[in-house]
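K.L.:
Position one of the sequence shown corresponds to residue 3 (my numbering), numbered consecutively onward.
Sharing a structure with you now.
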Amino acid sequence: MQSRVDRQIRALALAQQCAAHGARVRTISRITGMNPRDLLRLLFPERQSVPRGRAPDSPEWYHGANLLYRAEASIVMSIYRRLRTADFSGGEALLGAYRQYVGVCQPPHRISFDRAFDLAAHTDGLWLTESRSFSLVVCPACHSEFLAAFGSVALSNDQCPFCKLVQRYGTDPRVQSSFPARPLVNPSPIQLGMLTLLRASDHLSTRSRESG
Ligand SMILES: [Zn+2]
Numbered sequence: 003m004q005s006r007v008d009r010q011i012r013a014l015a016l017a018q019q020c021a022a023h024g025a026r027v028r029t030i031s032r033i034t035g036m037n038p039r040d041l042l043r044l045l046f047p048e049r050q051s052v053p054r055g056r057a058p059d060s061p062e063w064y065h066g067a068n069l070l071y072r073a074e075a076s077i078v079m080s081i082y083r084r085l086r087t088a089d090f091s092g093g094e095a096l097l098g099a100y101r102q103y104v105g106v107c108q109p110p111h112r113i114s115f116d117r118a119f120d121l122a123a124h125t126d127g128l129w130l131t132e133s134r135s136f137s138l139v140v141c142p143a144c145h146s147e148f149l150a151a152f153g154s155v156a157l158s159n160d161q162c163p164f165c166k167l168v169q170r171y172g173t174d175p176r177v178q179s180s181f182p183a184r185p186l187v188n189p190s191p192i193q194l195g196m197l198t199l200l201r202a203s204d205h206l207s208t209r210s211r212e213s214g
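Put into structure tokens, the structure is as follows:
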């Protein structure tokens with residue numbers, strides 16, 4: 003049984019790591035259950051460095067976001083889902099997924115920590131809301147997991163951001179620099195979609211070995 007002190011130390015460590023990834027106070031408070039005033043005092047003693055601006059609202063945003071944003075959002079949530087399935091708490095899974103995403107995808111990282119938090123909240127009905135707006139579905143063509151409206155069934159690859167990226171790969175330098183597919187010169191759809199996820203799952207298995 004964890005003592006109260008142990009729980010508080012773990013919450014504070016989690017809070018500190020979320021802040022290091024640019025999370026805003028509201029996000030950290032929802033994840034850790036810590037009081038926003040305490041967080042502000044402990045994590046942002048110099049008030050200037052507090053992240054500000056409008057909080058993300060993903061159910062609206064995702065379906066209108068461009069392809070690279072949708073692909074990166076899907077990568078974060080795919081890793082998050084695996085960590086949740088491996089019994090990590092929501093906060094630990096989110097932090098772990100975000101770290102791996104930053105390690106796997108090339109900068110600039112289009113998904114902020116707050117965005118990842120908002121996506122996870124609306125996928126699991128957690129922290130901010132009880133209703134679910136997203137499901138992770140598997141593309142029947144490239145077998146990558148991607149975010150879709152809650153309850154969707156992927157009967158074709160029409161909505162799959164990875165298949166669309168692959169179609170554009172040869173002609174769009176932005177796509178090429180975001181997903182450099184070394185050492186594959188001319189990646190097939192399956193290779194590219196899976197490459198991204200394989201890299202993610204490599205990091206994941208290393209992490210579960212370390213923490214197991
Ligand atoms: Zn696909």
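Quick reminder that beta carbons are idealized off the backbone N, C-alpha and C, glycines included.
At a cut-off of 7 angstroms, is S76 close to ligand 1 when judged by its beta-carbon and the heavy atoms of the ligand?
P.N.:
No, the beta carbon of S76 sits no closer than 7 angstroms to any heavy atom of ligand 1.
K.L.:
Is the distance from the Cβ of F164 to the Cβ of C144 below 8 angstroms?
P.N.:
Yes, they are a contact pair.
K.L.:
What I want to know is whether the C-beta of N159 ends up closer than 7 angstroms to one or more non-hydrogen atoms of ligand 1.
P.N.:
N159: yes, Cβ under 7 angstroms from ligand 1.
K.L.:
Is F164 near ligand 1, going by C-beta to nearest heavy atom under 7 angstroms?
P.N.:
Yes.
K.L.:
Give the straight-line distance between the Cα atoms of P175 and D116, rounded to the nearest whole angstrom.
P.N.:
Their backbone Cα atoms lie some 28 angstroms apart in a straight line.
K.L.:
Should S154 be counted as a contact of ligand 1 given a C-beta to heavy atom distance under 7 angstroms?
P.N.:
Not so, every heavy atom of ligand 1 lies at least 7 angstroms from the Cβ.
K.L.:
Would you check whether ligand 1 has a heavy atom nearer than 7 angstroms to the C-beta of S137?
P.N.:
No, the Cβ of S137 stays beyond 7 angstroms of every heavy atom of ligand 1.
K.L.:
Let me make sure I understand the geometry here. Which of C107, A22, V52 and R84 has the alpha-carbon closest to that of V177?
P.N.:
For the residues C107, A22, V52 and R84, the minimum Cα distance to V177 belongs to C107.
K.L.:
Output needed for R83: all residues of its chain with C-beta closer than 6 angstroms, excluding positions within five of it in sequence on either side, in chain order.
P.N.:
Excluding positions up to five away in sequence, the list reads L138.
K.L.:
Could you give the first and the last residue of the continuous alpha helix (DSSP H) run that contains L69?
P.N.:
From DSSP, the alpha helix (DSSP H) with L69 extends over L69 to T87.
K.L.:
The beta strand (DSSP E) with A151 in it runs from where to where?
P.N.:
Where A151 is concerned, the enclosing beta strand (DSSP E) stretches over E147 to A151.
K.L.:
What does the alpha-carbon distance come out to for the pair G66 and S60?
P.N.:
Each residue's Cα considered, the two are about 10 angstroms apart.
K.L.:
Beta carbon of S114, beta carbon of H124: below 8 angstroms?
P.N.:
No, Cβ-Cβ distance for S114 and H124 is not below 8 angstroms.
K.L.:
For A57, I'd like the list of residues in its chain whose CB is within less than 6 angstroms of its CB, leaving aside the five on either flank, ordered along the chain.
P.N.:
If we look at A57 and ignore the five residues flanking it on each side, it has no Cβ neighbours.
K.L.:
Does the region 90-99 touch the region 43-58, meaning 3 or more C-beta pairs lie closer than 8 angstroms?
P.N.:
No contact exists between the region 43-58 and the region 90-99.
K.L.:
Quick check: what's the CA-CA separation for Y71 versus R32?
P.N.:
So the alpha carbons of these two residues sit roughly 24 angstroms apart.
K.L.:
Along the beta strand (DSSP E) that carries S137, what are the first and last residues, could you check?
P.N.:
Taken as a continuous stretch (DSSP letters only), the beta strand (DSSP E) holding S137 covers F136 to V140.
K.L.:
When DSSP labels each residue in this structure, what does A15 get in the three-state scheme?
P.N.:
Note: A15 maps to helix in three-state DSSP.
K.L.:
Check for me: the alpha helix (DSSP H) holding P58 runs from which residue to which?
P.N.:
That residue, P58, is in no alpha helix (DSSP H); it is neither H nor E in DSSP.
K.L.:
Is it the case that the CB of C141 approaches a heavy atom of ligand 1 more closely than 7 angstroms?
P.N.:
The answer is yes for C141.
K.L.:
From this set, S146, A151, V78 and Q169, which residue's C-alpha is nearest W63's C-alpha?
P.N.:
Ranking S146, A151, V78 and Q169 by Cα distance to W63 puts A151 first.
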